[in-house]
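Let me begin by presenting the structure, written as structure tokens, before commenting on it.
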Amino acid sequence: MKEAKIWFMNARAHRFLESTAIKGRQILEYSGWLDRLEPGDIVAVKTHMGEAYNVGYLRPVIVRTIVEALKARGCKPFVTDTTTMPYHPWISRTLAMDYLETANRNGFNQSSMDCPVIIADGWLGTDDITVDLQGKGNYLKKQFVARAIADADAMLSVAHFKGHPAGGYGGAIKNIGVGCASKRGKMNLHGALAGDKPIIDLSICPGKECEWVETCVDCCPEGAIQLTEQGLKIDQELCVYCFACANLCVNMAGVKGIQRFDHLPALGRRIADSALAVMATKEPGKVFFMNFAVDITPVCDCYGWTDTPIVNGLGVFASYDPVALDKACIDAMNRAPGLINSDAEDFGALEPGAKKLNLIKGKDIEPQVYGGVENGLGTDKYVIEEAPLDRSQGAIARFYPEVRARKLKGMYARSHPLTGLDTASFGLPTEGVVNPRHPEKKTGQG
Ligand code: SF4
Ligand code: SF4
Numbered sequence: 019m020k021e022a023k024i025w026f027m028n029a030r031a032h033r034f035l036e037s038t039a040i041k042g043r044q045i046l047e048y049s050g051w052l053d054r055l056e057p058g059d060i061v062a063v064k065t066h067m068g069e070a071y072n073v074g075y076l077r078p079v080i081v082r083t084i085v086e087a088l089k090a091r092g093c094k095p096f097v098t099d100t101t102t103m104p105y106h107p108w109i110s111r112t113l114a115m116d117y118l119e120t121a122n123r124n125g126f127n128q129s130s131m132d133c134p135v136i137i138a139d140g141w142l143g144t145d146d147i148t149v150d151l152q153g154k155g156n157y158l159k160k161q162f163v164a165r166a167i168a169d170a171d172a173m174l175s176v177a178h179f180k181g182h183p184a185g186g187y188g189g190a191i192k193n194i195g196v197g198c199a200s201k202r203g204k205m206n207l208h209g210a211l212a213g214d215k216p217i218i219d220l221s222i223c224p225g226k227e228c229e230w231v232e233t234c235v236d237c238c239p240e241g242a243i244q245l246t247e248q249g250l251k252i253d254q255e256l257c258v259y260c261f262a263c264a265n266l267c268v269n270m271a272g273v274k275g276i277q278r279f280d281h282l283p284a285l286g287r288r289i290a291d292s293a294l295a296v297m298a299t300k301e302p303g304k305v306f307f308m309n310f311a312v313d314i315t316p317v318c319d320c321y322g323w324t325d326t327p328i329v330n331g332l333g334v335f336a337s338y339d340p341v342a343l344d345k346a347c348i349d350a351m352n353r354a355p356g357l358i359n360s361d362a363e364d365f366g367a368l369e370p371g372a373k374k375l376n377l378i379k380g381k382d383i384e385p386q387v388y389g390g391v392e393n394g395l396g397t398d399k400y401v402i403e404e405a406p407l408d409r410s411q412g413a414i415a416r417f418y419p420e421v422r423a424r425k426l427k428g429m430y431a432r433s434h435p436l437t438g439l440d441t442a443s444f445g446l447p448t449e450g451v452v453n454p455r456h457p458e459k460k461t462g463q464g
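Per the numbering used here, the sequence shown starts with residue 19, numbered consecutively.
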């Protein structure tokens with residue numbers, strides 16, 4: 019496979035039109051992808067609208083600005099994501115109803131997006147279609163894809179690039195591989211339908227002495243956990259490895275009694291297989307990927323907290339190829355210096371060139387990339403083209419259709435805010451101002 023093209027804009031911003039949200043729309047327009055869409059096309063804008071109390075997910079204005087570009091093309095976009103497995107006991111996105119409440123609280127709704135916000139796999143995550151991978155998958159033979167996404171004419175993946183506990187990292191492949199899978203599709207890609215089960219070490223579980231035991235028993239949707247006189251009992255047959263008890267045990271009880279990491283290389287490949295199933299629902303060229311590599315935190319937006327970033331914001335990356343796109347983001351992250359007061363410092367990953375998330379996670383984080391190359395989803399070879407920023411008067415007029423400051427002139431003529439005030443009685447001027455200029459920069463661009 020030949021090199022994939024990646025369009026890129028740097029995260030730095032100094033003046034008007036350099037907003038990350040505006041760069042997102044400009045890079046999308048510059049790529050030419052919009053020309054492949056027909057007016058009237060229904061476009062699924064797949065993003066992650068954040069878990070309750072997470073503050074690292076993509077800002078709604080980034081998605082809204084992209085929606086505006088699609089509407090300007092005459093398309094019918096909808097912003098979308100899918101229901102989750104529990105993942106942890108307090109997850110707020112397992113039902114469509116709960117997810118819509120969380121999305122609303124996080125700033126994603128019909129009025130903020132100016133288009134419908136739809137949970138693509140329905141009320142309980144069973145509104146899906148089954149895609150046969152026709153022998154191309156690394157592990158998956160079939161996968162469940164959320165119906166609203168499968169039925170759309172086109173899809174735009176708008177992903178937040180950052181770390182992820184099980185996937186190693188999250189970007190384009192995971193945004194569609196996990197994010198477009200219905201609930202039972204998520205069970206499938208985590209290995210449950212094939213028989214992968216968590217490893218449970220009950221010898222370190224204090225049973226009824228654990229202060230979290232009630233939640234531990236209650237959070238299992240399969241009813242697989244029971245508290246007996248002899249301690250905790252887990253029915254492995256019933257368990258679908260939804261991570262609810264595992265995350266409770268690791269993150270709150272601090273015991274790590276239920277976990278499994280040996281199957282993570284397979285999980286990464288299954289995510290890539292699931293992404294391939296999603297791509298099979300679209301005509302060639304009707305899917306495009308944007309990774310916003312900003313707020314690059316060590317874990318994902320599915321948790322109810324957000325750690326400090328491990329490297330500075332890198333920028334906006336876009337491509338037709340999700341594998342090359344993720345690989346370009348991983349490489350750029352690794353080239354960057356790590357940030358102090360972050361996991362990069364805690365895990366000895368401060369040096370430019372250090373494989374940041376490999377060191378932080380203690381494992382190779384790239385199985386999604388390997389799996390995507392192996393199943394034909396894409397290539398890990400890429401060439402980066404820096405997309406120029408349009409700073410013209412026309413661009414200003416597009417993003418700022420009115421010079422709002424102008425309106426004040428007439429209003430001030432009728433009623434000036436300072437009319438009738440003895441302005442000199444309100445304070446003293448600053449003394450000793452000798453140099454009113456901006457400070458000179460020591461390095462970098464102006
Ligand atoms: S026992 Fe299995 S199904 Fe039940 S909460 Fe734990 S991981 Fe999920
Ligand atoms: S949270 Fe962990 S330690 Fe506590 S009861 Fe559950 S398995 Fe045992």
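We put the beta carbon where it would ideally sit given N, CA and C, even for glycine.
Model, not experiment: these values are computed from the prediction.
Outcome for residue i when other beta-carbon atoms lying within 10 angstroms are tallied against a minimum of 16
i	result
residue 427	exposed
residue 463	Summary for residue 463: the model assigns pLDDT 47, below 50, so the residue's position carries little reliability; its value from the coordinates is reported in the next sentence. The residue in question, residue 463, is exposed, as its Cβ has fewer than 16 Cβ neighbours within 10 Å.
residue 106	buried
residue 393	buried
residue 221	exposed
residue 358	exposed
residue 424	exposed
residue 256	exposed
residue 444	exposed
residue 34	exposed
residue 348	buried
residue 435	exposed
residue 442	exposed
residue 367	buried
residue 183	buried
residue 452	exposed
residue 169	exposed
residue 516	With the chain represented from 19 up to 464, any question about residue 516 goes unanswered, as that position is not in the structure.
Distance CB(residue i)-CB(residue j) smaller than 7 Å
i	j	result
residue 414	residue 374	no
residue 63	residue 174	yes
residue 96	residue 136	yes
residue 87	residue 46	yes
residue 208	residue 310	no
residue 383	residue 74	no
residue 408	residue 44	yes
residue 103	residue 260	yes
residue 296	residue 172	no
residue 65	residue 176	yes
residue 101	residue 251	no
residue 354	residue 25	no
residue 306	residue 51	yes
residue 70	residue 112	no
residue 180	residue 314	yes
residue 57	residue 126	no
residue 99	residue 67	yes
residue 228	residue 271	yes
residue 219	residue 281	no
residue 117	residue 405	no
residue 344	residue 387	yes
Which residues DSSP lists as bridging residue i, in chain order
i	result
residue 107	For residue 107, which the question treats as bridged, DSSP gives no partner whatsoever.
residue 465	An answer regarding residue 465 cannot be provided, because it is not within the stretch 19 to 464 covered by the chain.
residue 244	251
residue 384	For residue 384, which the question treats as bridged, DSSP gives no partner whatsoever.
residue 156	None, per the DSSP bridge assignment.
residue 67	For residue 67, which the question treats as bridged, DSSP gives no partner whatsoever.
residue 256	DSSP output for residue 256 lists no bridge partner at all.
residue 94	60
residue 23	401
residue 333	28 and 311
residue 149	161
Cβ distance (whole Å) where residue i is taken to contact residue j below 8 Å
i	j	result
residue 283	residue 385	5 Å
residue 235	residue 245	6 Å
residue 13	residue 397	No answer is possible for residue 13: the residues shown for the chain start at 19 and end at 464.
residue 294	residue 155	7 Å
residue 341	residue 191	7 Å
residue 402	residue 346	6 Å
residue 292	residue 76	21 Å between Cβ atoms; not a contact.
Would the segment 32-42 count as touching the segment 72-85 if we require 3 or more Cβ pairs under 8 Å?
In this structure the segment 32-42 touches the segment 72-85; the number of beta carbon pairs closer than 8 Å is three or more.
Does the segment 402-421 come into contact with the segment 314-324, if we say contact requires no fewer than three beta-carbon pairs (one atom in each stretch) closer than 8 Å?
Three or more Cβ pairs closer than 8 Å define a contact, and the segment 402-421 falls short of that threshold against the segment 314-324.
Between the segment 25-36 and the segment 330-345, do three or more beta carbon pairs fall short of 8 Å?
Contact check between the segment 25-36 and the segment 330-345: three or more CB pairs, one atom from each, fall below 8 Å, which counts as touching.
Decide if the segment 139-147 is in contact with the segment 160-176; the criterion is three or more beta carbon pairs, one per stretch, under 8 Å apart.
Taking a cut-off of 8 Å for Cβ pairs, the segment 139-147 and the segment 160-176 touch, as three or more such pairs fall below it.
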